[in-house]
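There are 2 protein chains.
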Amino acid sequence: MLQEEVSILLGQKNMSKTPCRVEVLRVLLESGSALSEPDIRSRLNGGFDRTTVYRTLRSFLDQDVIHSISLEGGTVMYAITHQKEKHAELFHSHFFCDDCSKVYCLTKPEFEPPVLPEGFKANGYDLLINGTCNNCS
Amino acid sequence: MLQEEVSILLGQKNMSKTPCRVEVLRVLLESGSALSEPDIRSRLNGGFDRTTVYRTLRSFLDQDVIHSISLEGGTVMYAITHQKEKHAELFHSHFFCDDCSKVYCLTKPEFEPPVLPEGFKANGYDLLINGTCNNCS
DNA sequence: CGTATGTTTGCAACATTGTTGCAGAATAAA
DNA sequence: TTTATTCTGCAACAATGTTGCAAACATACG
Numbered sequence: 001m002l003q004e005e006v007s008i009l010l011g012q013k014n015m016s017k018t019p020c021r022v023e024v025l026r027v028l029l030e031s032g033s034a035l036s037e038p039d040i041r042s043r044l045n046g047g048f049d050r051t052t053v054y055r056t057l058r059s060f061l062d063q064d065v066i067h068s069i070s071l072e073g074g075t076v077m078y079a080i081t082h083q084k085e086k087h088a089e090l091f092h093s094h095f096f097c098d099d100c101s102k103v104y105c106l107t108k109p110e111f112e113p114p115v116l117p118e119g120f121k122a123n124g125y126d127l128l129i130n131g132t133c134n135n136c137s
Numbered sequence: 001m002l003q004e005e006v007s008i009l010l011g012q013k014n015m016s017k018t019p020c021r022v023e024v025l026r027v028l029l030e031s032g033s034a035l036s037e038p039d040i041r042s043r044l045n046g047g048f049d050r051t052t053v054y055r056t057l058r059s060f061l062d063q064d065v066i067h068s069i070s071l072e073g074g075t076v077m078y079a080i081t082h083q084k085e086k087h088a089e090l091f092h093s094h095f096f097c098d099d100c101s102k103v104y105c106l107t108k109p110e111f112e113p114p115v116l117p118e119g120f121k122a123n124g125y126d127l128l129i130n131g132t133c134n135n136c137s
């Protein structure tokens with residue numbers, strides 16, 4: 001159930017269950033994909049202020065409850081962090097549908113990275129794949 | 001020589017050699033890495049308006065003379081597009097140094113991408129690797 | 001040469017995304 | 001209840017990017 005999932009997410013990070021936090025998590029969980037702040041705010045029940053939503057997102061980002069995805073052109077989307085995968089901290093892979101503009105978090109984000117030039121050391125990989133999603137093909 | 005390279009880049013795309021375009025290309029070529037608009041503008045000789053620089057960047061983006069790289073958090077950087085590589089249109093790989101914040105375009109951007117879920121079709125790959133560059137290690 | 005046409009530039013204005021300061025409301029703790 | 005903490009809304013601000021308009025400049029054509 002949704003309420004439970006929200007409680008678990010907040011409880012794990014010792015975050016209090018405020019109305020705005022609960023709503024933001026509900027919206028993100030229900031959408032199943034990444035959303036921009038305007039997207040999120042327009043779906044919230046309660047009519048919260050822009051500032052409050054941004055502060056909520058900032059807290060979630062700091063606590064790794066959510067993560068941000070930067071699209072071509074600088075648009076930033078926010079999505080729940082599901083850490084089922086082992087290398088979730090190292091590899092982040094997302095899919096952007098050119099057709100419906102939906103953003104999906106790939107659950108198996110690991111891949112064979114390119115060889116770096118001499119002297120370069122990698123700490124993390126952020127991959128953004130664009131194309132057509134299963135809904136649009 | 002730099003002047004020549006600028007002329008070639010503009011000539012290939014049938015773009016007129018305006019002062020601002022020449023300056024922006026000079027700055028990007030001299031820096032050798034990706035720069036933000038404020039970075040670029042502060043290095044221009046001539047004191048061009050913010051708007052003029054953005055319009056110049058837009059033209060270059062439309063003509064694929066440059067490309068943009070979106071960093072974590074939504075910062076956008078601009079870099080010359082070197083299409084020496086075959087798969088340059090499909091694979092874009094960049095390296096962000098956590099130490100000096102410099103952004104490098106990787107010249108061999110191909111890699112083994114992750115397997116997509118059923119029904120998803122990829123059109124392009126944008127990889128952003130973060131870590132330590134050769135100057136900072 | 002002069003005129004018409006097109007492009008570049010600067011200025012002002014605006015939109016969007018995100019942050020910060022401050023004061024009031026709500027919540028939890030004493 | 002009183003105190004302390006944290007949330008929230010409002011106003012203001014900063015950064016990035018776009019658009020409209022008019023002046024400047026270059027280009028082409030008669």
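So the protein lines, in turn, are chains S and G.
Going by our numbering, the residue at position 131 of the first sequence is 131; the numbering climbs one at a time, nothing skipped.
Going by our numbering, the residue at position 63 of the second sequence is 63; the numbering climbs one at a time, nothing skipped.
Here a beta-carbon is modelled for each residue, glycine too, at the ideal position from N, C-alpha and C.
{"Check": "is_contact[VAL76(G), chain S] using C-beta, thresh 9 Å", "Outcome": "yes"}
{"Check": "9 Å Cβ cutoff met for THR56(S) and VAL103(S)", "Outcome": "no"}
{"Check": "Rounded straight-line distance, which links the Cα of THR75(G) to that of THR81(S)", "Outcome": "21 Å"}
{"Check": "Proximal chain G residues relative to ALA122(S), where beta-carbon distance stays under 7 Å", "Outcome": "ILE129 and GLY131"}
{"Check": "Where ASP64(S) falls, given that 16 or more other Cβ within 10 Å makes a residue buried", "Outcome": "exposed"}
{"Check": "Interface residues of chain S facing ASP39(G) [CB-CB closer than 7 Å]", "Outcome": "None at all; the shortest Cβ gap to chain S is about 15 Å."}
{"Check": "The alpha helix (DSSP H) enclosing VAL103(S), as first and last residue numbers", "Outcome": "Per DSSP, VAL103(S) belongs to no alpha helix (DSSP H); it is in the beta strand (DSSP E), 103–105."}
{"Check": "HIS94(G) vs LEU127(G) beta-carbon contact at 9 Å", "Outcome": "yes"}
{"Check": "Same chain, Cβ closer than 7 Å to PRO117(S), neighbours up to 5 away in sequence not counted", "Outcome": "none"}
{"Check": "Within-9 Å CB hit, VAL115(G) to chain S", "Outcome": "yes"}
{"Check": "Span separating the alpha-carbon of LYS121(G) from that of ASN135(S)", "Outcome": "11 Å"}
{"Check": "Members of the segment 92–112 of chain G near chain S, C-beta cut-off 7 Å", "Outcome": "SER93, PHE95, ASP98, LEU106, LYS108, PRO109, GLU110, PHE111 and GLU112"}
{"Check": "CA nearest to the CA of LYS108(S), picked from LEU35(S), SER42(S) and GLN83(S)", "Outcome": "GLN83(S)"}
{"Check": "Chain-ordered chain S contacts of ASP126(G) [CB-CB under 8 Å]", "Outcome": "GLU72, LEU127, LEU128, ILE129 and ASN130"}
{"Check": "Beta carbon proximity, LYS86(G) to chain S, threshold 9 Å", "Outcome": "Interpretation of LYS86(G) is limited by its pLDDT of 49, a score under 50 that renders its predicted location unreliable; the figure taken from the coordinates is listed afterwards. No, because no Cβ of chain S sits closer than 9 Å to the Cβ of LYS86(G)."}
{"Check": "Below-9 Å beta-carbon distance, SER59(G) vs any chain S residue", "Outcome": "no"}
{"Check": "GLY47(G) at chain S interface by Cβ criterion, 9 Å", "Outcome": "no"}
{"Check": "LYS86(S) in three-state terms, based on DSSP", "Outcome": "Reliability of the predicted coordinates at LYS86(S) is poor, the pLDDT of 48 falling under 50, and no value is obtained from them."}
{"Check": "Where the alpha helix (DSSP H) containing LEU10(G) begins and where it ends", "Outcome": "2–12"}
{"Check": "Contacts that ASN134(S) makes with chain G (C-beta to C-beta distance below 8 Å)", "Outcome": "PRO117, GLU118, GLY119 and PHE120"}
{"Check": "Presumed contact (8 Å Cβ cut-off) between SER70(G) and GLY73(S), rounded CB distance", "Outcome": "7 Å"}
{"Check": "Residue environment, VAL115(S), which counts as buried when at least 16 other CB atoms sit within 10 Å", "Outcome": "exposed"}
{"Check": "DSSP beta-bridge partners of ASN130(S)", "Outcome": "PHE96(S) and GLY124(G)"}
{"Check": "Exposed unless 16 or more other CB atoms sit within 10 angstroms - verdict on LEU2(S)", "Outcome": "exposed"}
{"Check": "Contact set for MET15(S): own chain, Cβ-Cβ below 6 Å, skip 5 residues either direction", "Outcome": "none"}
{"Check": "Residue-level contact to chain G via CB, SER33(S), 9 Å cutoff", "Outcome": "no"}
{"Check": "Rounded straight-line distance, which links the Cα of CYS97(S) to that of CYS133(G)", "Outcome": "32 Å"}
{"Check": "Interface flag, SER68(G) vs chain S, CB-CB below 9 Å", "Outcome": "yes"}
{"Check": "Per-residue DSSP class, three states only, for SER16(G)", "Outcome": "coil"}
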